[in-house]
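1 is the number of the first residue of the sequence shown in my numbering; add one for each residue after it.
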Amino acid sequence: MNKPPIPKDLAAEMVRVRRQAALSFLFCAPVLAMAVWWLPQQFEFPAEVGERLAFAARANLLIMLWVLIGVGTIARLRRKSAHDTAGSAYGPPSERLRVPLAFLQNTLEHAVLAAFAALALATVEGEAPLAFIVGMVVLFAIGRITFWRGYPRGSPGRAFGVVTTALPIMGSFAWVIYDLIASLLRGVG
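Structure representation (structure tokens):
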């Protein structure tokens with residue numbers, strides 16, 4: 001059984017994690033800014049609430065595709081392993097299944113947050129929030145790919161993918177909360 005990469009120097013490991021997180025921010029910020037600025041100039045986004053929610057639901061399908069990829073990978077690997085075919089209730093996973101299981105768990109957690117974020121963001125008026133959803137879907141895919149590929153290299157290897165997946169979600173939450181507070185204040189004033 002392969003042991004997970006345990007850092008010899010935790011402080012140095014966290015520096016590498018922060019560096020990857022910063023690189024992710026430097027990657028995500030222009031992608032999202034370009035989506036919000038450029039996409040509304042190229043495409044007409046829906047204006048009616050029902051159409052906007054349908055747009056977000058379809059975007060969520062692309063996010064959930066990554067959960068489907070994780071589930072499919074696990075199913076395929078289980079069918080090829082006598083150790084894993086009985087299921088997780090009957091013992092720990094084989095070494096071959098551990099990273100795909102971790103990918104699936106992390107992806108599922110992020111997908112739930114991203115799906116709710118996209119639906120909520122679709123309720124914010126204007127084309128920019130819908131363009132942001134497009135950017136979030138693209139970054140979700142990039143984040144999941146880089147997370148999976150980096151997993152064997154420990155936390156610095158996963159950091160870029162995790163942050164690339166999470167930053168647009170956090171941006172969506174912030175945008176919706178700001179809009180909610182602004183709407184409440186407009187109603188009071």
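Backbone N, C-alpha and C define an ideal beta-carbon position, used for all residues, glycine too.
Boundaries (first-last residue) of the alpha helix (DSSP H) holding residue 151: The residue you call residue 151 lines up with position 151 of the sequence shown. Looking at the DSSP string, residue 151 is not in any alpha helix (DSSP H), and its letter there is neither H nor E.
Beta-carbon contacts of residue 23 that lie in its chain and below 7 Å, excluding the five residues immediately before and after: If you number the sequence shown from 1, residue 23 lands on position 23. So the list reads 160, once near-sequence residues are dropped.
Could you tell me the distance, in whole angstroms, from the CA atom of residue 84 to the CA atom of residue 91? For this step, residue 84 is matched to residue 84 along the sequence shown. For this step, residue 91 is matched to residue 91 along the sequence shown. Per the coordinates, the alpha-carbon of residue 84 lies some 8 Å from the alpha-carbon of residue 91.
Residue from 74, 145 and 162 with nearest C-alpha to residue 100: On the sequence shown, residue 100 is found 100 positions in, with the first residue counted as 1. Nearest C-alpha to residue 100: 74.
Can you say whether residue 1 is buried or exposed, counting buried as having 16 or more other CB atoms within 10 angstroms of its CB? By 1-based counting over the sequence shown, the position of residue 1 is 1. The predicted position of residue 1 is uncertain, since its pLDDT is 47 and thus under 50; no value can be drawn from it.
Identify which residue in 141, 152 and 28 has its Cα closest to the Cα of residue 6. Here residue 6 is taken as the residue at index 6 of the sequence shown, counted from 1. With distances taken between Cα atoms, residue 6 lies closest to 152.
How close, in whole Å, do the beta carbons of residue 122 and residue 56 come, if the pair is a contact with beta carbons under 8 Å? The sequence position of residue 122 within the sequence shown is 122, counting from 1. The sequence position of residue 56 within the sequence shown is 56, counting from 1. Correct: roughly 4 Å between the Cβ atoms.
With 16 other CB atoms within 10 Å as the buried threshold, where does residue 30 fall? Within the sequence shown, residue 30 is the residue found at index 30, counting from 1. Under this definition residue 30 is an exposed residue.
Find the nearest neighbour of residue 71 within the set 108, 179 and 45, judged by alpha-carbon distance. Mapped onto the sequence shown, residue 71 falls at position 71. When each option's Cα is compared against that of residue 71, the closest is 108.
Who are the near neighbours of residue 133 in its chain, counting only those whose CB is closer than 8 Å to its CB and skipping five residues on each side? Mapped onto the sequence shown, residue 133 falls at position 133. Answer for residue 133: 55, 56, 59, 118, 121, 122 and 172, listed in chain order.
Here's a check: name, in chain order, each residue in its chain whose Cβ is nearer than 7 Å to the Cβ of residue 127, leaving out the five neighbours to either side. Taking the sequence shown and counting its residues from 1, the one referred to as residue 127 is at position 127. Closer than 7 Å at the Cβ level, and outside the excluded window around residue 127, lie 40 and 45.
Under 6 Å Cβ to Cβ from residue 174, same chain only, skipping five residues before and after it: list those, please. What you label residue 174 is simply residue 174 of the sequence shown in a count that begins at 1. No residues qualify anywhere along the chain.
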